[in-house]
Amino acid sequence: MSEPDQYLPEPHLPQPHPPEPPRPASPLAGMKVVDLSKILAGPYVTMSLADLGADVIKVEHPDGGDPTRAWGPPFNGPDATYYLAANRNKRSVTLDLKSPEGQEAVHRMLADADVMVENFRPGSSLARAFDYRELSERYPRLVLLHISAFGDTGPLRDEPGYDMVAQASAGLMSLTGEPDGPPVKAGYAMGDLGAALFGLIGVTSALVERERTGRGQYVTTSLYESQLALHINWATGYFATGERPTRLGSGHPSLVPYQAYPASDGHFVIAVGNDGLFRRLVDALGHPEWADDPRFAANRDRVTNRAALNAKLESVLVDEPVAHWIALLKPRGVPVAAIRTLDEVYDCPQTEALGMVQKVDHPEVGPLQQVAFPVTFRGERPAVRTAPPTLGLHSRDILAELGYDEAGIDRLLNHPQGA
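The number in our numbering is simply the position in the sequence shown, starting from 1, with 7 added.
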């Protein structure tokens, strides 16, 4: 959160600087990643590594591949948009990982791989087949990321879980929704995406350490752990007070006013992060006396008297449309925003200026839009180079790279599937 007018940027002055060294194609160019994961958390990690330049080989079961290919509608071409969201810039090969032949092909990939990502259920046959202790003896430089639902130890270690299970079991749903309403799942897949981002940090950190030690390592995270880490201020507040947090709708546990408010034609948000901003707000609303009311003068008092202050604010704000309040408050430095729908977000000039939507040609769909990687390097955003692959699109090329002849490739691709 930033505090307007508290930290003003220094005037920009041109500074001499040495010429940049030749730029690699991408930060992770030359890295090889073997992706044995599926659904969202693991594929999002590997898509991010691919965005950053790594060669990512997505290994899928011949019978349908990644389950998210069928998670629709909506579909765009043969695959669901859920799959298309997390698998660009990869190559797809189909292998039956439960067969000795499929496992041998993966071992050929691992011989010169930098990273392997999997989300096998702990204790499963595949987890045993690709156990890191054995892999590390054969491939000492390999970084293996394992993502699970609940972590590598503890009483829930062997439990399966999807994103919603993580949101429920880690408490996020108890914090989301209106105070008098039911628990609500977050709009994003916060369990999966949180685990993906922490997993990405783990992988890149392990690669940096490998530069010093020459050895890879076993990296783990889980949907559950990621949600605990993202509790952040909620958890520290609970540790300090022992009080169970409750749902606040769009409200903030430590700041008031800081939530969505109703106008005459919809809702918008006001985010007051300090007492000075509160005075600007109430001055603009024509009620400067509220800033001197002992119930509201300081933020800690406003938090205590949240309901009383919100009732006063709503009685004023409901009389005019959202555009009126934005036009009134924004020039005064009060942080406000309309609540955009996704169509409005992707029509927004700011989204366009950032280059956050890129197009790539899909062999069966044509031009396909993708939300780009949200970090720039030397002022440039990593490119969406290739569309999410159709199932097994690169099987023959990849197997040929691994040294299989045509007969061997045919045997692998036509091998009876394991149980």
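Virtual Cβ for every residue (Gly too), placed ideally from N, Cα, C.
Should V279 be labelled buried (16 or more other beta-carbon atoms within 10 Å of its own) or exposed?
buried
Name, in chain order, the residues that DSSP records as bridge partners for S155.
S229
Label E67 either buried or exposed according to how many other C-beta atoms from any shown protein chain fall within 10 Å of its C-beta, with 16 as the threshold for buried.
buried
If you check the beta carbons only, do E92 and G79 fall under 7 angstroms apart?
Looking at the sequence provided, one finds Ala at residue 92 rather than Glu. No, the Cβ-Cβ distance between A92 and G79 is not below 7 angstroms.
Name the one or two DSSP bridge partners that N83 has.
D86
So what does DSSP say about G168, is it helix, strand or coil?
coil
Classify R98 as buried or exposed, calling it buried when 16 or more other Cβ atoms lie within 10 Å of its own Cβ.
buried
Quick check on DSSP: helix, strand or coil for M123?
strand
Taking the alpha helix (DSSP H) that R98 falls in, what are its first and last residues?
Segment 97-101 is the beta strand (DSSP E) holding R98; no alpha helix (DSSP H) there.
What does DSSP give as the partner residue(s) for L375 in the beta ladder?
V367
Can you confirm whether S402, when its beta carbon is compared against all beta carbons of chain B, has any partner nearer than 7 angstroms?
Looking for chain B here will not work: only one protein chain is present.
Taking the alpha carbon of P301 as the point to measure from, which residue in L316, E216, R135, E141 has its own alpha carbon closest?
L316
For F275, the residue or residues it bridges with in DSSP
Y268, A345
Separation of G198 from V150, as counted between CA atoms
23 angstroms
Quick one: residues in its chain with C-beta nearer than 6 angstroms to the C-beta of D165, no 5 flanking neighbours on either side, listed in chain order?
P129, G130
At which residues does the beta strand (DSSP E) containing D62 begin and terminate?
62-67
For the alpha helix (DSSP H) containing D308, name the first residue and the last one.
306-311
Between the CA atoms of F285 and D58 - distance to the nearest angstrom
42 angstroms
I'd like the span of the beta strand (DSSP E) that includes V40, first residue to last.
39-42
Thinking F380 and R388 are a contact (beta carbons under 8 angstroms), I'd like their distance in whole angstroms, please.
6 angstroms
Provide the residue span of the alpha helix (DSSP H) that contains V210, from first to last.
197-220
Between which two residues does the alpha helix (DSSP H) holding H401 run?
It is not in any alpha helix (DSSP H) - H401 carries neither H nor E in the DSSP assignment.
Taking the DSSP output, what are the residues bridged to F384?
E387
Straight-line gap, G465 to E144 (C-alpha atoms, nearest Å)
In this structure the chain extends from 8 to 426, so residue 465 is not present and cannot be described.
Out of P69, M180, A118, H153, which one is the CA nearest neighbour of R135?
H153
How is V325 classed by DSSP in three states: helix, strand or coil?
coil
Could you check if T160 is buried or exposed, using at least 16 other CB atoms within 10 Å of its CB as the buried criterion?
exposed
Hey, out of E408, S176, A203, whose CA is closest to V191's CA?
S176
What's the C-alpha gap between A304 and T311?
11 angstroms
Rounding to the nearest angstrom, what Cα-Cα distance links A112 and L406 in this structure?
8 angstroms
Quick one: residues in its chain with C-beta nearer than 8 angstroms to the C-beta of G415, no 5 flanking neighbours on either side, listed in chain order?
L406
Does the beta-carbon distance from A156 to K39 come in below 7 angstroms?
no
Give every residue of the same chain whose Cβ lies closer than 8 angstroms to the Cβ of K65, excluding the five residues on either side of it in the sequence, and list them in chain order.
D42, P50, T53, D73, N94, K97, R98, S99, V100, P396
contact_flag[the region 245-262, the region 181-190] where n(CB pairs < 8 angstroms) is 3 or more:
yes
Nearest-angstrom Cα distance between T228 and A202?
6 angstroms
Looking at the secondary structure, which residues open and close the alpha helix (DSSP H) in which G49 lies?
48-58
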